[in-house]
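Taking it in order: structure first as structure tokens, then the write-up.
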Amino acid sequence: MSDQPVRAEGLTKFFYDESRGEIRAVDGVDLGCSRGEILGLLGANGAGKTTTLRMLCTVLEPTAGQAWVMGHEVRAEPERVREKLGFYSASTALYPKITPRETLRFFARINRYPGARVEARVDDLIQRFGLADYADSRVEKLSTGMKQKVSIARTVVHDPPVLIFDEPTVGLDVLNAIELRDIIAGLRDHGKAILFSTHIMSEAEQLCDRIAIIHHGRILATGTLDELRDETGLHYLEQIFVHYAQTAPVAMADASRGGGRLAGGPE
Amino acid sequence: MRPGSPVLTVFGLEIRSLIRDVRTLLMSVVLPVILLPLVLLASARMEGRQAERVESRTYRLAITGPDSAFATGLAADLVGGADLEEGAGRRFWMVDVAEPRLALDDGVLDVYLEAFSPDAWGALDPADTAGVGLGPEHEGAMILRIRYHSSRTGSRNAASMLQERLVEVRAERRDSILVHAGFTVPPQLVGAVDTVNVASADEVAGARLGRFLSLILVGLMLLGGSAVATDALAGEKERGTLLTLLTTSATRTEIITGKLLAIMAVALGIALIQVLNLWFFLGLGLIEPGSGFAVTVSPALALGLVVLYLPVVALTGGVLILTSAYARSYKEAQLYLTPVLFGMAIPTLAPIMPDLSLQSAIVVVPIANLAVAARDVLVGQVHLPALAAAWLVTAGAAAWVTDRSVRALHDEELITGDPSRESFLGGPDLFRKRVLRWFLVFWAVALLLQFNLPIRDVRLAVLVNVGLVFVVFPLIVIRRFQLDPRKALALRAPRPGVWLGVLIGAPAALLTGLGVFELTQYVLPVPAEMVEGFGQGLLPEGVPAWQLILLLAIVPGIAEELTFRGVLLHGLRRRFGPLGLAIVVGLIFGFFHFQLFRIPVTAFLGAVLTGVTLLSGSIFPAMAWHALNNGLALFLATIDVDVEALGWWWTAGAVLLLGLAFAIIWWNRTPYPDMKPANRERPG
Chain A
1 MSDQPVRAEG LTKFFYDESR GEIRAVDGVD LGCSRGEILG LLGANGAGKT TTLRMLCTVL
61 EPTAGQAWVM GHEVRAEPER VREKLGFYSA STALYPKITP RETLRFFARI NRYPGARVEA
121 RVDDLIQRFG LADYADSRVE KLSTGMKQKV SIARTVVHDP PVLIFDEPTV GLDVLNAIEL
181 RDIIAGLRDH GKAILFSTHI MSEAEQLCDR IAIIHHGRIL ATGTLDELRD ETGLHYLEQI
241 FVHYAQTAPV AMADASRGGG RLAGGPE
Chain B
1 MRPGSPVLTV FGLEIRSLIR DVRTLLMSVV LPVILLPLVL LASARMEGRQ AERVESRTYR
61 LAITGPDSAF ATGLAADLVG GADLEEGAGR RFWMVDVAEP RLALDDGVLD VYLEAFSPDA
121 WGALDPADTA GVGLGPEHEG AMILRIRYHS SRTGSRNAAS MLQERLVEVR AERRDSILVH
181 AGFTVPPQLV GAVDTVNVAS ADEVAGARLG RFLSLILVGL MLLGGSAVAT DALAGEKERG
241 TLLTLLTTSA TRTEIITGKL LAIMAVALGI ALIQVLNLWF FLGLGLIEPG SGFAVTVSPA
301 LALGLVVLYL PVVALTGGVL ILTSAYARSY KEAQLYLTPV LFGMAIPTLA PIMPDLSLQS
361 AIVVVPIANL AVAARDVLVG QVHLPALAAA WLVTAGAAAW VTDRSVRALH DEELITGDPS
421 RESFLGGPDL FRKRVLRWFL VFWAVALLLQ FNLPIRDVRL AVLVNVGLVF VVFPLIVIRR
481 FQLDPRKALA LRAPRPGVWL GVLIGAPAAL LTGLGVFELT QYVLPVPAEM VEGFGQGLLP
541 EGVPAWQLIL LLAIVPGIAE ELTFRGVLLH GLRRRFGPLG LAIVVGLIFG FFHFQLFRIP
601 VTAFLGAVLT GVTLLSGSIF PAMAWHALNN GLALFLATID VDVEALGWWW TAGAVLLLGL
661 AFAIIWWNRT PYPDMKPANR ERPG
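Protein chains in written order, with this note's numbering: chain A, 1 to 267; chain B, 1 to 684.
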């Protein structure tokens, strides 16, 4: 386990909400993701997916527990952690006044990608993501699908070993969502360790090598789809998810006091 | 900083985004470029037209009063001849009106003159003659009164010119009498008076321009920089790009530095453009400005001004980005910007204050100090040590503000909009976080009350401004943050030995404070009349001694202590060590004494009282010390002791006694509870 690019032990985050009091958004999460693997974080809205991922990319500081990205602890070495990962979510936007080419250059340089190789890398990604026709138009003039491609390209432009996708298909039409999933699968095939959060069962089924079911801030089960099927005796992921959610200890729900949308994320 | 570094990358992005945003570009660059020449042209034209109007205007004058016959006699002299018709070159046109006052109100008249014999003047209602100082030398003289309407420029000019003309007529008549009485030499040759202005035209113009240059430049920098700053963080939050940026490997400091550089570049660019504008339009004489702006700006002077304004640029950029960091959206940032713009503009008005020298307390006020320095540079009177100090103070303030912005990017509450633990839980934890913010607002409210309450009676004013305000505030704080009153106000019994320290320490601290006052005179000379005036205001005649002691010693001793050594010290106790607490609480206490010359002495007293509270663990010794201090000061003022004559030996002795008092309190100490542990790292 220790050579896994992403690892978390007892990761915990409390939030405070006027109407619901202290919320344990993430409560002692343990997880690990290997190279060339997509680990799906499957949970309902407010389960703690976004908060977990934001702690992993050092935007939020854990209340307790530890997490490592490529061996760097998130609290001790936040800059080194961010160097090794690319973070993408539906709420991470692009700069409207610059072009896709400038966007990629900007994110390559700010992520300290070797200066001499920036142009070649940018050109390569423009070709690979089919952005050539729009590479020098301003981002504000691109369609949603094109923006999505630019966003993914900017996430991987510095060639990080770890990629985090937080509900990336939210707001996308079916075709764009399929294209996006194909791109992510391709990245996995290039050896990236990928954390992929979603509340869409079919997406998790099709894309993820292993699935961690998260509910009320806690991981209830982790395994391949087959392992989860064997453990529950149920076939469909939706049934499996409902099974775990309904049999989760009552104390857990009490501990998290509330549920529903959690502060800290777009969920 | 190497090319391609995160700082320069962020900087490049900001500048590129600015250049491509037409609206921002217009507000940031184009508008400021056009504005200054327009201001200069408008100023020149307005001044010219005003002079022309004053020169060519004939004012409508009426003469009235019980002795109008005498005044009418003057009329011919006033209008310059027997012809009373309106005409070219005539300054006054006599108008016959039945009700001059109504005519003046209605604008039919510009001004009217009332003439009184001494008897008629004496018969007037005293309320009507109040404030007119007539000495024995005026006995038997006719009295002339000019009435005008100050809301109209024409009326103001007419009054001023009429007064000048009356003085001339008086002199002409006096000379005529002398000649008729056989005075052989023409009176105007008895003694000629000439005045010579030794200031060069450039110095005069520099002084005038220097008064407003900083206001104009900072205003333009704020206008231009605010558009970039608002987008830099608040705009990023709203768009969702801030999260993208925060997940890159750039540090928060690199992000803020890159953005700050961009804001500074725009602000500095605007400042440069304006200085070049000045040089171009004024130095080359392409514009004929009003006399107030006709200063020769050499390239060296222009460069000097740019260097001088660099910290102002940095501070302006820092404040703007901090404002943007604290806003959760573009709209919220714009909401904050209005008070920020006004707040930043106020210190630039410092050069307008008459005879304000850079070698005064103004040197420690960021922006205001460099505004005064810029005026001095334009006049050609540069005091290098003071100028260097001013530059460093404003640069230091800029560095501090930038550091706060970096910290703001670490604040999850600001990044995500989720309440922090303290904000959520409220109560004492939140008070610790917000105590300085609350005192800043309280300071502003106290300042407004101090100078705007329409209370003439000193006793009532003290009761409200001290007794009421400083008692109500801690009560509000205690209620709002659900503080335990005993803890928040340090309501604990001290050990008995402490009282001996108080008895020795209070007079010793008072005398030491007088020494502090004498020391501050070297930096901030205070006119004796100002101190005397303050003392007289506090010691009105006819107020019994017991009331003075109650209002000026006991009430402040109790009320101010509740606020400063009570809730303020309680709120800050875990933020600073004992020395830091004494300094910070002392300074805040000083700043609540709004007269500038009182701040150092009261800050010293505040620091001493904080020390007493920290050592005794109780507010009561500080209350007694404070009341004793004020009571003794009152006593000294009443018996009119010349404290300056006491000499430094008294101060040295007082310092020793003060040390003894603290030693006694130390021996009988009960440490203030729940202080910041000595080895604890600074949070944040």
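Each residue gets a CB set at the ideal place from its N, CA and C atoms; glycine is no exception.
Own chain partners of residue i with C-beta closer than 6 Å, once the 5 adjacent residues on each side are dropped
i, result
"Ala559(B)", "Val466, Gly467, Phe470, Val471"
"Ile194(A)", "Ile38, Leu163, Arg188"
"Met27(B)", "Ala227"
"Ala622(B)", "Glu561, Arg565, Leu609, Val612, Thr613"
Cβ-based neighbour list, residue i, same chain, cut-off 8 Å, excluding 5 preceding and 5 following
i, result
"Ile549(B)", "Gly631, Leu634"
"Ala624(B)", "Trp499, Val502, Ala506, Gly557"
"Gly89(B)", "The predicted model places Gly89(B) with a pLDDT of 49, which falls under 50 and marks its position as unreliable; any figure quoted below should be read in that light. So no residue of the chain qualifies."
Run of the beta strand (DSSP E) containing residue i, from where it starts to where it stops
i, result
"Ile194(A)", "193 to 198"
"Ala62(B)", "59 to 64"
"Gly48(A)", "Where Gly48(A) is concerned, there is no enclosing beta strand (DSSP E), given that its DSSP letter is neither H nor E."
"Glu114(B)", "111 to 116"
"Met94(B)", "92 to 94"
"Arg147(B)", "143 to 148"
One or two residues paired with residue i in a DSSP bridge
i, result
"Leu42(A)", "Thr198(A), Ile213(A)"
"Ala345(B)", "Ala345(B) pairs with nothing; no bridge assigned."
"Asp166(A)", "Ser89(A), Ser197(A)"
"Val26(A)", "Lys13(A)"
"Arg7(A)", "Gly32(A), Trp68(A)"
"Arg218(A)", "His215(A)"
"Glu73(A)", "Trp68(A)"
Residue i, buried or exposed, once every other Cβ within 10 Å from all chains shown has been counted against 16
i, result
"Asp119(B)", "exposed"
"Tyr134(A)", "buried"
"Glu236(B)", "buried"
"Trp667(B)", "exposed"
"Gly497(B)", "exposed"
"Thr144(A)", "exposed"
"Gln148(A)", "buried"
"Ser360(B)", "buried"
"Glu85(B)", "Its pLDDT being 46, under 50, Glu85(B) is placed unreliably by the model, and nothing is read from it."
"Thr153(B)", "exposed"
"Arg121(A)", "buried"
"Arg181(A)", "buried"
"Asp27(A)", "buried"
"Ile346(B)", "exposed"
"Thr195(B)", "exposed"
Own chain partners of residue i with C-beta closer than 7 Å, once the 5 adjacent residues on each side are dropped
i, result
"His235(A)", "Arg229"
"Leu511(B)", "Trp650, Thr651, Ala654"
"Gly65(B)", "Ala71, Glu114, Ala115, Phe116"
"Arg375(B)", "Ala207, Gly210, Arg211, Pro351"
Extent of the continuous alpha helix (DSSP H) to which residue i belongs
i, result
"Leu320(B)", "299 to 326"
"Gln246(A)", "237 to 247"
"Gly154(B)", "153 to 180"
"Ile19(B)", "6 to 20"
"Arg181(A)", "174 to 189"
"Arg434(B)", "427 to 452"
"Thr269(A)", "The structure shown does not extend to residue 269(A), since chain A is modelled only from 1 through 267, so no value can be given for it."
"Pro62(A)", "Note, Pro62(A): premise wrong, no alpha helix (DSSP H); not H, not E."
Residue i: CB within 7 Å of a non-hydrogen atom of the ligand MG
i, result
"Gly65(A)", "Absence of the ligand MG is noted for the structure shown, with no ligands found whatsoever."
Mind the definition here: the region 40 to 47 of chain A touches the region 212 to 232 of chain A only if three or more C-beta pairs lie below 8 Å; say whether that holds. yes
State whether the region 239 to 259 of chain B contacts the region 206 to 226 of chain B, with contact taken as three or more CB pairs (one from each stretch) at a distance under 8 Å. Short answer: they don't touch.
Would you call the region 485 to 492 of chain B and the region 574 to 592 of chain B in contact, with 3 or more CB pairs under 8 Å? no
Between the region 100 to 107 of chain A and the region 154 to 162 of chain A, do three or more beta carbon pairs fall short of 8 Å? Yes, they touch.
Evaluate the contact criterion for the region 353 to 373 of chain B versus the region 326 to 341 of chain B: three or more CB pairs, one atom per stretch, below 8 Å. no
Indicate whether the contact test is met: 3 or more Cβ pairs, each with one atom in the region 114 to 132 of chain A and one in the region 48 to 58 of chain A, closer than 8 Å. no
With contact counted as at least three CB pairs below 8 Å, one residue from each stretch, are the region 316 to 327 of chain B and the region 392 to 409 of chain B in contact? yes
Can at least three beta-carbon pairs, one atom from the region 239 to 248 of chain B and one from the region 81 to 92 of chain A, be found at a separation below 8 Å? yes
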